[in-house]
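Here's the structure, in structure tokens; my notes come after.
Residue numbers (our numbering), protein chains in the order written: chain S, 415 to 591; chain A, 36 to 395.
Right, here's the structure in full:
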């Protein structure tokens with residue numbers, strides 16, 4: 415997938431904004447056109463959070479994605495809100511540990527991944543977001559795998575550098591899921 | 036070339052300001068601009084400058100006034116309601132011919148309005164930031180790169196013309212991240228001298244005064260006339276605009292900032308459908324880039340101003356056209372971001388009308 419219009423959505427604290435940054439950082443490494451836009455406002459305090467990521471070869475127009483071709487949904491309200499807007503041929507990656515009701519969407523490939531359960535089983539608590547990004551990458555190939563890993567290295571802050579191996583391992587879990 | 040990094044627009048403006056030699060920042064938190072102040076609070080002490088969260092926007096702009104009078108490169112930032120509060124101070128700065136950079140990361144209004152992106156402070160920025168006969172320069176960046184570039188340039192122009200300069204952004208641009216190449220840091224020693232600054236005369240020269248109170252009408256009129264002569268120079272030399280596919284365009288969209296990004300997408304889509312559309316993107320809102328519009332006046336059959344407000348810049352497009360080319364408007368307001376699809380629909384309707392007129 416060369417042109418990505420992604421929405422990543424979930425509860426505040428699940429790391430959807432960070433997961434979006436990984437995608438944006440990967441695009442930057444490959445010198446693509448890229449934008450990242452968070453939702454902002456009162457809904458972020460304990461409520462739902464989402465971000466839009468656009469990756470392409472032409473200058474990005476509106477950074478706000480209204481019809482995604484990649485949707486990562488980490489809770490039920492997010493899937494319910496964005497499912498119908500996904501473009502035909504697009505992909506939806508859902509954390510099936512947290513989302514009980516996963517619909518069939520005509521013309522869209524839906525990939526349920528029990529990301530939260532997988533993360534906990536492997537000792538990567540809180541890294542379900544990385545698993546889902548890994549899966550979304552595996553199904554869309556929006557950059558090279560090497561670039562994706564480099565993006566994770568770039569985004570994990572220096573003061574949490576001890577978390578980097580876990581982030582990379584969780585990413586790999588998602589890629590193989 | 037320097038490394039490309041991903042940054043939020045708000046942070047890019049802050050970092051560029053520091054690199055332009057800004058060593059004083061006075062602000063007050065308000066969504067969606069707060070990241071700029073937060074970034075300054077972290078970085079400013081590291082470059083030996085002063086970051087201060089004032090008790091109000093009114094206090095902050097008056098601190099800007101003071102630091103500027105003392106010759107410093109100084110910035111404040113806010114969002115729409117906060118800029119209204121700064122209006123009095125900006126007028127005083129204009130009356131004292133003081134430079135300074137003011138960032139407005141606009142949100143929907145009027146009143147407290149909302150917190151989502153808007154361009155509804157165009158009139159305020161270009162017509163009446165405060166009371167009295169004055170203008171400020173206004174830059175309208177459209178990308179995170181431009182937010183850095185024009186925040187940097189704003190300090191240079193503010194000093195060159197001794198004028199307050201505004202960066203008119205919005206919540207969309209402030210919050211989004213894009214790749215940006217940051218400008219090089221200026222050495223404070225290399226900044227232009229400010230012989231007018233009130234830094235103490237040590238009995239070596241007559242004292243300087245930064246004041247906007249002139250009780251003698253002749254004196255006040257004289258200063259206003261002199262200031263407007265300077266504005267004429269700015270109008271001649273400082274207009275900036277980007278044009279996109281305008282050479283053969285029948286329908287010329289005019290849009291700035293975030294809405295220009297959407298307008299550009301709509302132009303690309305219109306072209307793919309065989310409609311000759313183009314875009315003039317004002318980068319300076321004051322001075323308004325009338326030269327760029329003049330350049331297409333002979334070929335354009337219609338202008339379409341696309342804005343995130345109820346129709347404000349469209350006034351300047353009409354003034355530039357002066358009846359020669361019909362001017363249409365499309366806008367969304369309240370924090371709604373227009374979509375390329377809805378702009379395209381308007382382009383198609385105008386195209387239909389102009390083709391019918393040509394056929395009649």
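We treat Cβ as the ideally placed atom computed from N, Cα and C, and that holds for glycine.
Just so it is clear, the structure is predicted and the values come from calculations on it, not from any experiment.
- Within the model, the alpha-carbon separation for residue 542 of chain S versus residue 40 of chain A is close to 26 Å.
- Short of 7 Å from the beta carbon of residue 61 of chain A, and not among the five residues preceding or following it, lie these beta carbons of its own chain, in chain order: 87, 89, 95, 98, 99, 111.
- According to the DSSP assignment, residue 419 of chain S belongs to the beta strand (DSSP E) that extends over 418-425.
- For residue 463 of chain S, there is no enclosing alpha helix (DSSP H); the enclosing beta strand (DSSP E) has its first and last residue at 462-470.
- For residue 371 of chain A, no chain S residue has a Cβ inside 9 Å of its Cβ, as the nearest lies near 10 Å away.
- Per the coordinates, the alpha-carbon of residue 450 of chain S lies some 5 Å from the alpha-carbon of residue 212 of chain A.
- In this structure the segment 116-125 of chain A does not touch the segment 323-343 of chain A; the number of beta carbon pairs closer than 8 Å is below three.
- Between residue 293 of chain A and residue 345 of chain A, the gap from beta carbon to beta carbon reaches 8 Å or more.
- In the DSSP assignment, residue 229 of chain A forms no beta bridge with any residue.
- Listed in chain order, the positions of the segment 277-302 of chain A with a beta carbon within less than 7 Å of a beta carbon of chain S are 296, 297, 299, 300.
- Note on geometry: alpha-carbon atoms of residue 521 of chain S and residue 441 of chain S lie some 26 Å from one another.
- Shown here, residue 389 of chain A sits in a helix according to DSSP, grouped into three states.
- The secondary-structure analysis by DSSP pairs residue 365 of chain A across a beta bridge with A:341.
- Under the three-state reduction of DSSP, residue 542 of chain S is assigned to helix.
- Contact between residue 67 of chain A and residue 137 of chain A is absent: CB atoms are separated by about 16 Å, not below the 8 Å threshold.
- Short of 6 Å from the beta carbon of residue 578 of chain S, and not among the five residues preceding or following it, lie these beta carbons of its own chain, in chain order: 570.
- With a cutoff of 8 Å on beta-carbon distance, residue 155 of chain A and residue 374 of chain A are scored as not near each other.
- Put simply, the CB of residue 491 of chain S is far from chain A, with every gap to its CB atoms at 8 Å or more.
- The beta carbon of residue 213 of chain A falls within 8 Å of a beta carbon belonging to chain S, placing the residue at that interface.
- In the three-state reduction of the DSSP assignment, residue 278 of chain A falls in the strand class.
- DSSP places residue 181 of chain A in the uninterrupted alpha helix (DSSP H) bounded by 179-196.
- S:528 is the residue among S:443, S:559, S:528 whose C-alpha sits nearest the C-alpha of residue 510 of chain S.
- For residue 438 of chain S, the nearest CB of chain A lies under 8 Å from its own CB, placing it at the interface with that chain.
- Interface annotation for the segment 220-249 of chain A against chain S: empty, criterion Cβ-Cβ distance under 9 Å.
- Ranked by Cα distance from residue 388 of chain A, the options A:286, A:50, A:296 are led by A:286.
- Three or more pairs of CB atoms, one per stretch, sit closer than 8 Å, so the segment 477-484 of chain S contacts the segment 492-506 of chain S.
- Within chain S, no C-beta atom comes nearer than 7 Å to that of residue 188 of chain A; the closest sits roughly 21 Å away.
- For residue 66 of chain A, the C-beta contacts it makes with chain S under 8 Å involve 454, 455, in order along the chain.
- Counting of Cβ neighbours within 10 angstroms places residue 264 of chain A among the exposed residues, the total staying below 16.
- Annotated three-state conformation of residue 39 of chain A is strand, per DSSP.
- Pairing residue 291 of chain A with residue 466 of chain S, the inter-Cα distance amounts to about 22 Å.
- The contact set of residue 448 of chain S on chain A, defined by CB atoms closer than 9 Å, consists of 41, 212, 213, 214 in chain order.
- Assigned with DSSP and collapsed to three states, residue 580 of chain S falls in helix.
- Contact annotation: residue 187 of chain A and residue 55 of chain A have beta-carbon atoms nearer than 8 Å.
- In terms of Cβ geometry, residue 355 of chain A and residue 325 of chain A form a close pair [threshold 8 Å].
- Residue 264 of chain A carries a helical assignment under DSSP once its states are collapsed to helix, strand and coil.
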